[in-house]
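Engineer: The structure follows.
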Amino acid sequence: MAVTTAQLVDWIERYAAVIAEQKQYLTGLDAAIGDGDHGINMDRGFQQVLIKIAPVKDKDAGTLLKTTGMALVGSVGGAGGPLYGTFFIRAGTALDGKAEVADADLVAALEAGLKGVVERGKANLKDKTMVDVLTPALEQARARLKEGASIADALSAATDAAEAGMKATIPLKALKGRASYLGDRSIGHQDPGATSSYYLLRTLREALADPPQGASTSTSYVGREQQPTS
Amino acid sequence: MAEATVTTRLKKLINTPESEVKDALAGMALAHADLIRVEYDPNVIIRKDAPKKGKVGLVSGGGSGHEPMHGGYVGRGMLDAACPGAVFTSPTPDQMARATKAVDGGAGVLHVVKNYTGDIMNFEMAAELARGEGSQVNAVITNDDVAVQDSLYTAGRRGVGVTVLLEKIVGGAAEAGYDLQKATELAKKVNANGRSMGMALTSCIVPAAGKVTFEIADDEMELGIGIHGEPGRERTKLKPADEIAEILTSTVVKDLPFKRGDEVLAFVNGMGGTPLIELYVVYNAVHQYLTKEGIKVSRSLVGSYITSLEMAGTSVTLLKLDAETTKFWDAPVHTPALRWGV
Ligand SMILES: Nc1ncnc2c1ncn2[C@@H]1O[C@H](COP(=O)(O)OP(=O)(O)O)[C@@H](O)[C@H]1O
Ligand SMILES: [Mg+2]
Numbered sequence: 579m580a581v582t583t584a585q586l587v588d589w590i591e592r593y594a595a596v597i598a599e600q601k602q603y604l605t606g607l608d609a610a611i612g613d614g615d616h617g618i619n620m621d622r623g624f625q626q627v628l629i630k631i632a633p634v635k636d637k638d639a640g641t642l643l644k645t646t647g648m649a650l651v652g653s654v655g656g657a658g659g660p661l662y663g664t665f666f667i668r669a670g671t672a673l674d675g676k677a678e679v680a681d682a683d684l685v686a687a688l689e690a691g692l693k694g695v696v697e698r699g700k701a702n703l704k705d706k707t708m709v710d711v712l713t714p715a716l717e718q719a720r721a722r723l724k725e726g727a728s729i730a731d732a733l734s735a736a737t738d739a740a741e742a743g744m745k746a747t748i749p750l751k752a753l754k755g756r757a758s759y760l761g762d763r764s765i766g767h768q769d770p771g772a773t774s775s776y777y778l779l780r781t782l783r784e785a786l787a788d789p790p791q792g793a794s795t796s797t798s799y800v801g802r803e804q805q806p807t808s
Numbered sequence: 008m009a010e011a012t013v014t015t016r017l018k019k020l021i022n023t024p025e026s027e028v029k030d031a032l033a034g035m036a037l038a039h040a041d042l043i044r045v046e047y048d049p050n051v052i053i054r055k056d057a058p059k060k061g062k063v064g065l066v067s068g069g070g071s072g073h074e075p076m077h078g079g080y081v082g083r084g085m086l087d088a089a090c091p092g093a094v095f096t097s098p099t100p101d102q103m104a105r106a107t108k109a110v111d112g113g114a115g116v117l118h119v120v121k122n123y124t125g126d127i128m129n130f131e132m133a134a135e136l137a138r139g140e141g142s143q144v145n146a147v148i149t150n151d152d153v154a155v156q157d158s159l160y161t162a163g164r165r166g167v168g169v170t171v172l173l174e175k176i177v178g179g180a181a182e183a184g185y186d187l188q189k190a191t192e193l194a195k196k197v198n199a200n201g202r203s204m205g206m207a208l209t210s211c212i213v214p215a216a217g218k219v220t221f222e223i224a225d226d227e228m229e230l231g232i233g234i235h236g237e238p239g240r241e242r243t244k245l246k247p248a249d250e251i252a253e254i255l256t257s258t259v260v261k262d263l264p265f266k267r268g269d270e271v272l273a274f275v276n277g278m279g280g281t282p283l284i285e286l287y288v289v290y291n292a293v294h295q296y297l298t299k300e301g302i303k304v305s306r307s308l309v310g311s312y313i314t315s316l317e318m319a320g321t322s323v324t325l326l327k328l329d330a331e332t333t334k335f336w337d338a339p340v341h342t343p344a345l346r347w348g349v
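Quick mapping for you: the protein sequence lines, in order, are chains F and Z. Here the first sequence is numbered in our numbering, starting from 579 and rising by one per residue. Here the second sequence is numbered in our numbering, starting from 8 and rising by one per residue.
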């Protein structure tokens, strides 16, 4: 089976919706160990992404993801902008010209994105960053595809690994980014970037689910995260 | 999490959180039309007469909310351009790339970057873009905050008060004809010889967040605070100003270390919500402490120059001076926020 650009558009739209919904929650996580702007930054970025991808929705997957990345680099700022921006630009570059993406190519593109994040931010595993979510998630996806699983099942496993990776950031001491200024005081808090990266996998799983899941707005995150207060 | 946090009503002189930065930029452009011009999308504050042919361009930038840094330092003898990000969020690469192009008079451009992960990465991407367009770009990173352990286990020390002094001194040198290499070396020397530490009495409210960044009791203070409300080294009971000044100054002195016989520039900075009278109370104690230690204060700066919105508190920055840095500190400067000699 192959993944279409339309499915990737669905992914990005779902992700933008979740970020908007969890803006306060992400910002609260960042206030505890950073400067309290991660949700605000990501939401500003993905609102911009929605505008910028409108004219390229029927183009190839590479153009879609690169446009997404450029919109993020130009609007997010902070650490999140270059990191998520680089992720999408690198993933898009790996899919240049492809209208349909083979399962293995999609995972390879995401891996290229992660490689970009690591090159830009120089984080190691267990530094308490988004890398702690993306790394195990993509390892799972790759392993499942090798075993012959469908992309939907591979991403399902990847999302579980992402969730575990996100939760595993709680006991870690931050060694990168603003949270590292706290030293031991960063222990006991979930990393905001790891959380937004978990949503990235989760929404991709939803967009590629077989059979397809309902529209992004019907996705319920109740009980797991704080709902918007206003 | 937010449930447990006390929400504070947004009692600020703004129209909307989203429009705050642009509204303020428009105000600056009108108030200082003789010194600067402002471009939007990407947002850049540019020295009116830039680019100056043959002069090294000096570009800085960072999150908004630290005014007058950096936009207030654009003008003769200091910065050629400043890139304001969203409040407390580093600007984006397109801003610095535009600024670099706008001020490149053929002698290259020096980026002054405060050591925060976001600022570093966005400036790096901007430098890549600008070099791609043919500009020669160097970057110098400020990391003077002694409150942060400088080790493999952190993102490194934050850039704070020394940034202001560096922009003045290197700006003076660039005006006097330093080439890119010499300007870069001078900038590194200033950073290497300066140290800072801050403290907060109250938190601030980032308008887009709508609530205080951290909780702090009426009888507490946060020592070693950053300029974005990031927690510091320790939370303690409030002490008299003299004791606070001594804690900050002695920690800074021990770090470089500043030694008997050194000549320094002593900079007592307000965090945005502290009145000047209190800063002079602090300065008095800082100056006396240094004198007692045999350190000669040969230049001083007192005021709110690198702020954290309405946070109350202060920071102490010491810079060891030599003939070169003293000369360019004294050199004429004409910007919205600093002006002397002209
Ligand atoms: N060097 C790095 N490498 C990878 N991820 C990082 C790095 N530094 C920070 N991060 C991620 O960025 C997140 C913070 O993003 P954000 O709040 O948007 O930026 P900022 O720290 O500039 O305010 C962290 O939670 C962390 O996951
Ligand atoms: Mg942040």
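From the three backbone atoms N, C-alpha and C, an ideal C-beta is built for every residue, glycine too.
Among Thr23(Z), His235(Z), Thr209(Z), whose alpha-carbon lies nearest the alpha-carbon of leucine 245(Z)?
Structural biologist: Nearest C-alpha to leucine 245(Z): Thr209(Z).
Engineer: At a Cβ cut of 8 Å, what residues of the region 759-781 of chain F count as close to chain Z, listed as they run along the chain?
Structural biologist: From the region 759-781 of chain F, only Tyr759, Leu760, Gly761, Arg763 have a Cβ closer than 8 Å to chain Z.
Engineer: Going by C-alpha to C-alpha distance, which of Tyr296(Z), Thr281(Z), Pro75(Z) sits closest to tyrosine 312(Z)?
Structural biologist: Minimum Cα distance to tyrosine 312(Z) is reached at Pro75(Z).
Engineer: Hey, does aspartate 615(F) have any beta-carbon neighbour from chain Z nearer than 8 Å?
Structural biologist: It does: the Cβ of aspartate 615(F) has a partner Cβ on chain Z nearer than 8 Å.
Engineer: Alpha carbons only, please: which of Pro789(F), Leu684(F), Glu784(F), Ser775(F) is nearest the one belonging to glycine 658(F)?
Structural biologist: The shortest Cα separation from glycine 658(F) among Pro789(F), Leu684(F), Glu784(F), Ser775(F) belongs to Ser775(F).
Engineer: Using the Cβ count rule (16 or more neighbours within 10 Å means buried), how would you classify tryptophan 347(Z)?
Structural biologist: With fewer than 16 other Cβ atoms within 10 Å, it is exposed.
Engineer: So what does isoleucine 212(Z) bridge to, in DSSP terms?
Structural biologist: Its beta-bridge partners are Val219(Z).
Engineer: Tell me, to the nearest whole angstrom, how far the beta carbon of valine 596(F) is from that of glycine 623(F); I am working on the premise that it is less than 8 Å.
Structural biologist: That belief does not hold up - the Cβ atoms of valine 596(F) and glycine 623(F) are roughly 13 Å apart, past 8 Å.
Engineer: For methionine 579(F), does the count of other Cβ atoms within 10 angstroms reach 16, so buried, or fall short, so exposed?
Structural biologist: Exposed, by the Cβ-count rule.
Engineer: Hey, how far is the Cα of valine 66(Z) from the Cα of threonine 96(Z)?
Structural biologist: About 17 Å.
Engineer: Can you list the residues of chain Z that asparagine 619(F) reaches, using a CB-CB cut of under 7 Å?
Structural biologist: Near asparagine 619(F) (Cβ distances below 7 Å), the residues of chain Z are Thr96.
Engineer: Nearest by alpha-carbon distance to aspartate 269(Z): which of Glu300(Z), Arg240(Z), Pro247(Z) is it?
Structural biologist: Closest by alpha carbon: Glu300(Z).
Engineer: From what residue to what residue does the beta strand (DSSP E) around valine 147(Z) run?
Structural biologist: Its beta strand (DSSP E) spans residues 144-149.
Engineer: Can you tell which of Ala746(F), Ala787(F), Gly761(F) has the C-alpha that lies nearest to the C-alpha of threonine 730(F)?
Structural biologist: It should be noted that the sequence gives alanine, not threonine, for residue 730(F). Minimum Cα distance to alanine 730(F) is reached at Ala787(F).
Engineer: Considering only their Cβ atoms, is the gap separating aspartate 621(F) from threonine 583(F) smaller than 8 Å?
Structural biologist: No, the pair does not count as a contact, with Cβ atoms beyond the cut-off.
Engineer: Sort Thr332(Z), Thr170(Z), Ser305(Z), Val153(Z) by Cα distance to valine 147(Z) and report the nearest one.
Structural biologist: Answer by Cα proximity: Thr170(Z).
Engineer: Measure the C-alpha to C-alpha separation of valine 627(F) and threonine 646(F) and round it to an integer number of angstroms.
Structural biologist: For valine 627(F) and threonine 646(F), the distance between alpha carbons rounds to 5 Å.
Engineer: Of all the options Met128(Z), Val94(Z), Asp56(Z), which has the alpha carbon lying nearest to the alpha carbon of glutamate 317(Z)?
Structural biologist: Among Met128(Z), Val94(Z), Asp56(Z), the Cα nearest to that of glutamate 317(Z) belongs to Val94(Z).
Engineer: Alpha carbons only, please: which of Pro749(F), Ala682(F), Gly699(F) is nearest the one belonging to glutamate 725(F)?
Structural biologist: With distances taken between Cα atoms, glutamate 725(F) lies closest to Ala682(F).
Engineer: Where does glutamate 591(F) sit, in a helix, a strand or coil, going by DSSP?
Structural biologist: It is helical.
Engineer: For chain F, find out if any of its Cβ atoms is closer than 8 Å to the Cβ of threonine 321(Z); answer yes or no.
Structural biologist: Chain F contact via Cβ: absent.
Engineer: How do the region 110-126 of chain Z and the region 25-39 of chain Z stand: do at least 3 beta-carbon pairs fall below 8 Å, yes or no?
Structural biologist: No, the region 110-126 of chain Z is not in contact with the region 25-39 of chain Z.
Engineer: Rounded to whole angstroms, how far is the Cβ of glutamate 784(F) from the Cβ of arginine 592(F), which I believe are closer than 8 Å?
Structural biologist: That pair is a contact at about 6 Å.
Engineer: Quick one: Cα of valine 293(Z) to Cα of glycine 239(Z), how far?
Structural biologist: The alpha-carbon atoms of valine 293(Z) and glycine 239(Z) are separated by roughly 20 Å.
Engineer: Decide if isoleucine 284(Z) is buried, meaning its Cβ has at least 16 other Cβ atoms within 10 Å, or exposed.
Structural biologist: Per the 10 Å Cβ criterion, exposed.
Engineer: Mapping the DSSP letters down to three states, classify isoleucine 52(Z) as helix, strand or coil.
Structural biologist: The answer is strand: DSSP assigns isoleucine 52(Z) an E or B state.
Engineer: Name the chain F residues that come within less than 8 Å of glutamate 237(Z), Cβ to Cβ?
Structural biologist: Those are Gly612, Asp613, Arg756, Tyr759, Leu760, listed as they occur along chain F.
Engineer: Do glycine 168(Z) and asparagine 50(Z) have their C-beta atoms within less than 8 Å of each other?
Structural biologist: In this structure, asparagine 50(Z) does not lie closer than 8 Å to glycine 168(Z) by Cβ.
Engineer: Taking C-beta pairs closer than 9 Å, name the residues in chain F that proline 100(Z) reaches, listed in chain order.
Structural biologist: Residues of chain F passing the Cβ test: Val651, Gly652, Gly659, Pro660, Gly663.
Engineer: Helix, strand or coil for alanine 93(Z) per DSSP?
Structural biologist: Residue state, collapsed to three classes: strand.
Engineer: For methionine 85(Z) and leucine 42(Z), what's the separation of their Cα atoms in angstroms?
Structural biologist: Distance between the alpha carbons of methionine 85(Z) and leucine 42(Z) is about 12 Å.
Engineer: Going by DSSP in three states, isoleucine 313(Z) sits in which element: helix, strand or coil?
Structural biologist: Three-state DSSP puts isoleucine 313(Z) in coil, outside helix and strand.
Engineer: Suppose contacts are defined by Cβ-Cβ distances below 8 Å. Is valine 63(Z) in contact with alanine 190(Z) by that definition?
Structural biologist: Yes; because the gap between Cβ atoms is below 8 Å, this pair is in contact.
Engineer: At a Cβ threshold of 8 Å, is alanine 216(Z) touching chain F?
Structural biologist: Closer than 8 Å to some Cβ of chain F, the Cβ of alanine 216(Z) qualifies, so yes.
Engineer: What does the shell around ligand 2 hold, if a residue joins when its beta-carbon is under 5 Å from any heavy atom?
Structural biologist: This criterion selects Asp608(F), Gly612(F), Asp613(F), Asp615(F), His616(F).
Engineer: List the DSSP bridge partners of glycine 69(Z).
Structural biologist: DSSP, once it has assigned bridges, lists Pro91(Z) as partnering glycine 69(Z).
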